[in-house]
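Numbered as in our numbering, the sequence shown ends at 236 without a single skipped number.
Reading through the structure tokens given below for one structure.
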Amino acid sequence: MKYPHSQSGFSLVETLVAITILLVVIVGPMSISSSAAKSTSYASEQVIAFFLAQEGAEIAQKGRDDLLLRNFLDSSDGKYLADTWALFTDNTATGVYRQCYTTSGCGLELNTNTTGTLKNPIACTSTNCDLFFNDSSGRSRYTHVSTGGTDTAFSRIIFMSAVGDRSVRVVSRVYWRTGAQRALQQVEVETYLFNVYGN
38 MKYPHSQSGF SLVETLVAIT ILLVVIVGPM SISSSAAKST SYASEQVIAF FLAQEGAEIA
98 QKGRDDLLLR NFLDSSDGKY LADTWALFTD NTATGVYRQC YTTSGCGLEL NTNTTGTLKN
158 PIACTSTNCD LFFNDSSGRS RYTHVSTGGT DTAFSRIIFM SAVGDRSVRV VSRVYWRTGA
218 QRALQQVEVE TYLFNVYGN
């Protein structure tokens, strides 16, 4: 007398098919969420870089304004300056913004004091225009000073060039590397500053 087999189960092929389907169901959404996280991170870095580039152009404008307005002071005032536009566009060895007129560019940033004056421009070399994040600095959170700051992926370099007698082209570039990418990312803001008071 033969007894029928009462055992049932999955064959090896059925098990492999089930595991393959399970992997496709799990790995697909995980790779999508991983790529979405990378895209979000890159977009965030791009927004920060754009605002840092915009800030660089605005700091250059503040430098121009601070000089031009000193022409309106009383000539007996110790801060009075006569030919302020010439001082702003002076790219000789004694010019305040001379580093900005070189091919290496310059670093500009605000002081952390209450009046928001500008620090002296720095000449950019390979690393001294890197930006550091300092949450306690008050007015300027991204600064070229590493003391007390956290290293970031960003560098900002500002280039100036005279266009005729009455305007200056300002290019503010922010560079950064994102994640494991080898390519250097770049955002650029360009503006023109004019001798608005005609002195």
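Glycine included, C-beta positions come from ideal geometry on N, C-alpha and C.
By how many angstroms is the C-alpha of Arg203 removed from the C-alpha of Asp120? As a position in the sequence shown, residue 120 is number 83, starting the count at 1. As a position in the sequence shown, residue 203 is number 166, starting the count at 1. So the alpha carbons of these two residues sit roughly 13 Å apart.
From Thr215, Glu227, Val233 and Arg219, pick the residue whose C-alpha is nearest to that of Gly82; which is it? Here residue 82 corresponds to residue number 45 of the sequence shown, with the count starting at 1. Looking at the sequence shown, residue 82 is not Gly but Glu. Closest by alpha carbon: Thr215.
C-alpha distance - Trp299 paired with Val211, whole-angstrom precision: Not covered by the structure: residue 299. The range shown for the chain is 38 to 236.
Just to confirm before moving on: does the CB-CB distance between Gly142 and Ile194 stay below 8 Å? Taking the sequence shown and counting its residues from 1, the one referred to as residue 142 is at position 105. Taking the sequence shown and counting its residues from 1, the one referred to as residue 194 is at position 157. Yes, these two residues count as a Cβ contact at 8 Å.
Under the DSSP definition of a beta bridge, which residues are partnered with Cys143? Along the sequence shown, read from residue 1 onward, the residue named residue 143 stands at position 106. According to DSSP, Cys143 bridges with Ala160 and Ile195.
What residue does the beta strand (DSSP E) around Leu124 start on, and which one ends it? Counting from 1 along the sequence shown, the entry for residue 124 is found at position 87. Counting along the chain, Leu124 falls outside any beta strand (DSSP E), though it belongs to the alpha helix (DSSP H) covering Thr121 to Phe125.
Please name the residue in Phe231, Leu110, Glu225 and Thr180 whose C-alpha comes closest to that of Gly201. Translated into the one-based positions of the sequence shown, residue 201 becomes position 164. Cα-wise, what sits closest to Gly201 is Phe231.
With a threshold of 16 other CB atoms inside 10 Å of the CB of Leu53, please say whether the residue is buried or exposed. Counting from 1 along the sequence shown, the entry for residue 53 is found at position 16. Exposed is the call here.
Please tell me whether, using a cut-off of 7 Å, the distance from the CB of Thr140 to the nearest non-hydrogen atom of the ligand FAD is below it. Absence of the ligand FAD is noted for the structure shown, with no ligands found whatsoever.
Over what stretch of residues does the beta strand (DSSP E) that includes Ser204 continue unbroken? Within the sequence shown, the letter at position 167 stands for residue 204. Unbroken beta strand (DSSP E) run through Ser204: Ser204 to Trp213.
Whole-number beta carbon distance between Val207 and Ala90, since they are thought to touch under 8 Å: By one-based count along the sequence shown, residue 90 stands at place 53. By one-based count along the sequence shown, residue 207 stands at place 170. Contact flag wrong, Cβ pair sits at about 11 Å.
Count the other CB atoms, across all protein chains shown, that sit within 10 Å of the CB of Ile69; report buried if there are 16 or more and exposed otherwise. To locate residue 69, count along the sequence shown from 1; it is residue 32. Exposed, because fewer than 16 other Cβ atoms sit within 10 Å of the Cβ of Ile69.
Give me the Cα-Cα distance between Asp167 and Ile56, rounded to the nearest whole angstrom. What you label residue 167 is simply residue 130 of the sequence shown in a count that begins at 1. What you label residue 56 is simply residue 19 of the sequence shown in a count that begins at 1. One C-alpha to the other measures close to 50 Å.
Could you give the residue range of the beta strand (DSSP E) that holds Asp167? Sequence index remark: in the sequence shown, residue 167 carries index 130 (1-based). Its beta strand (DSSP E) spans residues Asp167 to Phe170.
Could you tell me whether the Cβ atoms of Asn171 and Gly185 are closer together than 8 Å? As a first step, residue 171 is located in the sequence shown; it is residue number 134 there, counting from the start. As a first step, residue 185 is located in the sequence shown; it is residue number 148 there, counting from the start. Yes.
Euclidean distance between Cα positions of Thr139 and Glu95: On the sequence shown, position 102 is the one that residue 139 refers to. On the sequence shown, position 58 is the one that residue 95 refers to. Using only the alpha carbons, I get a separation of about 19 Å.
Whole angstroms is fine: what's the gap from Ser78's alpha carbon to Asp127's? As a working note, residue 78 is residue 41 in the sequence shown. As a working note, residue 127 is residue 90 in the sequence shown. Distance between the alpha carbons of Ser78 and Asp127: 41 Å.
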